[in-house]
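In what follows, a single structure is set out as C-alpha cells and then discussed.
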Amino acid sequence: MIVYRTAGRLVDPALELSRCLAPTATGLDAQLGRLLTVGAVECAITDHAAPQVDGLDPRVHILASATRAAARVLLEVAIDGVAASASERHAQRALAACLTLSLPGTTELRSPAGFAYDGLHPLSYDAAVRQCLAQYRPDRVLVIGLRTIGATLAGLVAARCDREGIPAASLTLRPRGEPMARTVLVDADWCAAVAGERGALCLVVDEGPGPSGSSLVAAADLVERLGHPAERIVTLCSHDPEPETLRSMHAQTHWHRRPRLVALPHLAPFDEDWSSGRWRSIRCAGPAAWPAVYARHERPKGVSASAPGVLQKFVGMAAWGQPAVRRAEALADAGFSPPTSVVGNGYVCTPLLQAEQPPSRRGNARLLATLARYLPFRRGAFGTGERADVDGLLTLLRSNVRELWGSRYDAALSTAERVAAQTPPQPATIVDGRLQPWEWVATRDGLLKVDAVEHGDDHFQPGPQDCAWDVAGALSEFAWTAAERAELIATLTAALRDPGLPQRLPWMVPAYLATRVGFASMAREALADSDDGRRFARQQRRYARQLAAALEAVPTGH
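Take the sequence shown: its position 277, counted from the start at 1, is 409 in my numbering, and no numbers get skipped.
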C-alpha cells in the first residue's frame with residue numbers, strides 16, 4: 133500500500149552553499165546545520181547527475197570533499213570545543229570550490245529521515261566509527277554511504293578517518309526500485325573504483341535498515357561481488373533487527389552474513405524516556421485503552437530529571453526542524469498549543485499538561501467549537517503558496533482500495549475521481565494530520581492540541597494538502613451521530629469560508645481512510661503478534677470498515 137512520500141524542498145544549491153561558506157555562528161548547532169546542508173546539497177546534485185545509474189562525476193567528488201571538510205569542523209567543535217583554524221580554512225576552500233561548479237538553478241533537497249524525524253545525531257556514528265577502527269585497525273578504509281542520509285554520514289565517517297590518520301575513499305549509492313526490494317545500479321567506473329580498493333576495510337553506512345532491509349543488503353552484496361571479502365564489509369547502521377523481522381526474504385537470509393555495528397543514540401536531553409509509546413501509561417487509561425504505536429516511527433521524547441514538569445521532543449535538526457519550531461510558536465501564541473522553546477539538537481520543550489479527563493473517541497460540542505477556530509487558523513498561517521496535489525491522493529486512494537478489495541469499488545472510485553477532477557484547485561496547507569483523540573488535552577482553559585507541528589510535512593502521506601484533509605480526519609477519528617456530522621460539516625464550511633468543502637469531502641474522506649488503512653496495515657505486518665501489532669490489526673479493521681462505508685456512500689449512477 134502507499135504509505136510514504138518523498139519529502140523535500142526546492143532550493144538554489146549555490147545559495148545554500150554560499151550561506152555555509154560564511155556561517156554566522158561557530159557553535160555546535162551551527163556547525164551541525166552546516167554539515168547537514170552541505171551533505172543534502174551533495175546528495176541532491178549526485179541524484180541530479182545520476183538519475184538512473186550511479187557513477188563517478190567530478191562535481192560530486194568536489195561536493196563530497198566539502199561535506200567531509202564540514203564534518204571535520206563539526207568533529208573538532210564537538211571534541212575540542214573549537215575547530216582548528218586550518219580545518220575551517222580547508223572547509224571554506226572546499227565550499228568555494230563547489231561554487232565554481234556548474235550547478236542547476238534549483239534542486240530538491242530530500243529530507244534526511246534520521247536528521248529530520250528520528251532524532252539521529254551524526255555524532256552517534258562518529259562513536260561507532262571510532263569503535264570500528266579500534267577493533268579492525270585498518271590500513272585504509274572504503275566508505276559507501278546510502279543516499280539520502282548516507283551522503284552526510286559518509287562524509288562524517290571519512291572525516292573521522294582523516295582525524296585518525298587513516299586514508300579513506302568515500303562514495304555514495306542510491307538504492308532504487310520497490311521499497312521492499314531495493315537494488316543498486318552502478319556503471320563500470322564506479323565498479324572499478326570499488327574494486328580498486330580491495331584490501332581496505334569497507335564501511336557501508338546508512339540510517340537503516342528499513343522495514344525490508346533490502347537497501348543495505350543490496351549495497352553490501354555489490355561490494356562483495358566486486359572483490360571485498362564478507363568479513364571485511366561492515367554495515368554501520370542505527371539498529372540491528374532480528375533477520376526474520378525484515379520484509380525482504382533475501383535480506384532475511386543475508387543480514388547476518390557480514391559484520392554489523394550499531395551507532396548508539398547520541399546523548400538525549402532527557403532522563404525519563406517517553407518514546408516508543410511509553411507516554412501512554414501517563415496520558416491514557418489502562419493498557420486496554422492504549423492507542424496503537426509503531427515505535428519505529430515515533431519521535432524521541434522524554435522528561436529531564438532537572439525539569440520534571442517539561443516534555444522535550446524531537447522536531448528536526450537545523451533547517452529540517454526550524455519550520456516546525458515556527459509552527460509550534462505560532463500555535464502557542466494563538467492559544468491552540470502549549471508554549472514552546474528550543475532546547476538544541478533538534479529538540480523543543482513544552483510544559484506537561486494536566487488533563488481533566490482521559491481521551492475519548494466521542495465527538496462533542498467542545499471539540500467542534502475548537503476545530504472551528506483551529507482549522508481556519510492553520511489554513512491562514514501555514515499555507516505553502518502551492519496547489520494541493522489531487523492526483524497523488526487519487527492514486528493513493530485507488531491503489532490502497534484495490535489492494536484491499538480488488539475491483540469491488542471501481543465504480544465508486546471512478547465517480548470520486550470524476551468529482552475531484554471537477555473541483556477547483558485548492559491551496560496546500562501544512563495540515564495537522566494527527567487529530568486522534570489522544571492528541572488533544574482537555575484542560576480547565578479548553579482543549580489544547582499536541583503533536584501538531586511535525587506531521588503535516590513529513591515522509592508520510594499526504595504532505596501539504598487541502599484543509600479538507602483535517603476535516604476528513606475529524607469526521608473519521610471521532611464518533612459522531614448523523615446529525616452531529618452534518619453540523620460539523622456545516623460549522624466548518626462556515627468557519628473556513630469554504631462553500632465547496634461539502635463537495636470535496638465525499639472523496640477526501642475515503643482518501644484519508646485509505647491512508648490510515650495503509651499505515652495500520654504496514655505497522656500490523658511489522659509488529660506481528662505483539663500487543664501493538666494486535667492494536668494495529670483492530671485499527672486496520674476499523675478504518676477498513678469506515679472506508680468501505682464511505683465508498684458505498686459515493687453515488688455511482690451518474
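Note that the Cβ used here is the ideal one computed from N, Cα and C, for glycine as well.
The model shown is predicted, which means the values in this text are computed figures rather than measured ones.
(1) Could you spell out where the beta strand (DSSP E) holding residue 436 opens and where it closes?
(2) Just list the residues that DSSP pairs residue 572 with in beta bridges.
(3) Going by beta-carbon coordinates alone, are residue 484 and residue 441 separated by less than 8 Å?
(4) Who does residue 446 pair with in a DSSP beta bridge?
(5) What is the DSSP secondary structure of residue 364, reduced to helix, strand or coil?
(6) Take the Cβ of residue 646 as the centre, count every other Cβ of all protein chains shown within 10 Å, and call the residue buried at 16 or more, exposed below.
(7) Going by the beta-carbon positions, is the gap between residue 304 and residue 178 smaller than 8 Å?
(8) Entirely within the stretch 387-413 and at least 3 residues each: give me those beta strand (DSSP E) ranges in chain order.
(9) Touch check for the stretch 382-401 and the stretch 246-254: three-plus C-beta pairs under 8 Å?
(10) In the DSSP assignment, find the beta strand (DSSP E) that holds residue 334 and state where it starts and stops.
(11) Kindly identify the DSSP beta-bridge partner or partners of residue 301.
(12) Just to confirm the assignment: which complete alpha helix (DSSP H) runs, minimum length 4, are found wholly within the stretch 188-238?
(13) Comparing alpha-carbon positions, which option in 373, 435, 535 lies nearest residue 658?
(14) To which residues does DSSP link residue 473 through a beta bridge?
(15) Sort 364, 282, 331, 568 by Cα distance to residue 348 and report the nearest one.
(16) Figure out for me which residue from 295, 445, 314 has the closest Cα to the Cα of residue 586.
(17) For residue 369, does the three-state DSSP call read helix, strand or coil?
(18) Tell me which residue opens and which closes the beta strand (DSSP E) that residue 561 is part of.
(19) Please classify residue 414 as buried or exposed, where buried requires at least 16 other C-beta atoms within 10 Å of its C-beta.
(20) Going by the CB atoms, is the gap between residue 263 and residue 206 shorter than 8 Å?
(21) Taking the C-alpha atoms as reference points, what is the distance between residue 662 and residue 274?
(22) Please list, in chain order, all residues of the same chain as residue 89 whose beta carbon is under 6 Å from its beta carbon, the five residues on each side excluded.
(23) Considering only the alpha carbon of each residue, which of 490, 165, 600, 367 lies closest to residue 148?
(24) Kindly indicate which three-state DSSP category residue 541 falls into: helix, strand or coil?
(25) DSSP three-state call for residue 453: helix, strand or coil?
(26) Report the rounded CA-to-CA distance for residue 268 versus residue 259, giving the unit in angstroms.
(27) In the DSSP assignment, what residue or residues form a beta bridge with residue 186?
(28) Does the beta-carbon distance from residue 624 to residue 536 come in below 8 Å?
(29) Please look up how many angstroms separate the CB atoms of residue 569 and residue 616, rounded, as I've assumed it's under 8 Å.
(30) Using only alpha-carbon positions, find the residue among 341, 582, 236 that is nearest to residue 482.
(31) Please report the residue range of the beta strand (DSSP E) in which residue 143 lies.
(32) Tell me whether the stretch 339-353 and the stretch 381-388 touch, counting them as touching only if at least three CB pairs, one residue from each stretch, are closer than 8 Å.
(33) Can you name the start and end residues of the alpha helix (DSSP H) that residue 665 belongs to?
(34) With DSSP collapsed to three states, give me the class of residue 376.
(35) Residue 599 and residue 510: beta carbons closer than 8 Å?
(36) Alpha carbon to alpha carbon, what distance is there between residue 655 and residue 334?
Let's see:
(1) 433-436
(2) 581
(3) In contact: residue 484 and residue 441 (Cβ atoms closer than 8 Å).
(4) Partner(s): 479.
(5) It is helical.
(6) buried
(7) yes
(8) 392-394
(9) In the pairwise beta carbon analysis, the stretch 382-401 is classified as touching the stretch 246-254: at least three pairs are separated by under 8 Å.
(10) Where residue 334 is concerned, the enclosing beta strand (DSSP E) stretches over 333-337.
(11) 274
(12) Complete alpha helix (DSSP H) runs here, min 4: 190-212, 217-230.
(13) With distances taken between CA atoms, residue 658 lies nearest to 373 out of 373, 435, 535.
(14) 481
(15) 282
(16) 445
(17) Assignment of residue 369 by DSSP, reduced to helix, strand and coil, places it in the strand class.
(18) Going by DSSP, residue 561 is part of the beta strand (DSSP E) stretching over 559-561.
(19) exposed
(20) No; because the gap between Cβ atoms is not below 8 Å, this pair is not in contact.
(21) Each residue's alpha carbon lies about 40 Å from the other.
(22) Any question about residue 89 goes unanswered here, given that the chain covers just 133 to 690.
(23) Each of 490, 165, 600, 367 was checked against the Cα of residue 148, and the nearest Cα belongs to 165.
(24) coil
(25) coil
(26) A direct Cα-Cα distance of roughly 15 Å separates residue 268 from residue 259.
(27) 318
(28) no
(29) In fact, because the Cβ distance is near 15 Å, the residues do not count as touching under 8 Å.
(30) 582
(31) 140-143
(32) yes
(33) 663-684
(34) helix
(35) In this structure, residue 599 sits near residue 510, with a CB-CB distance shorter than 8 Å.
(36) 33 Å
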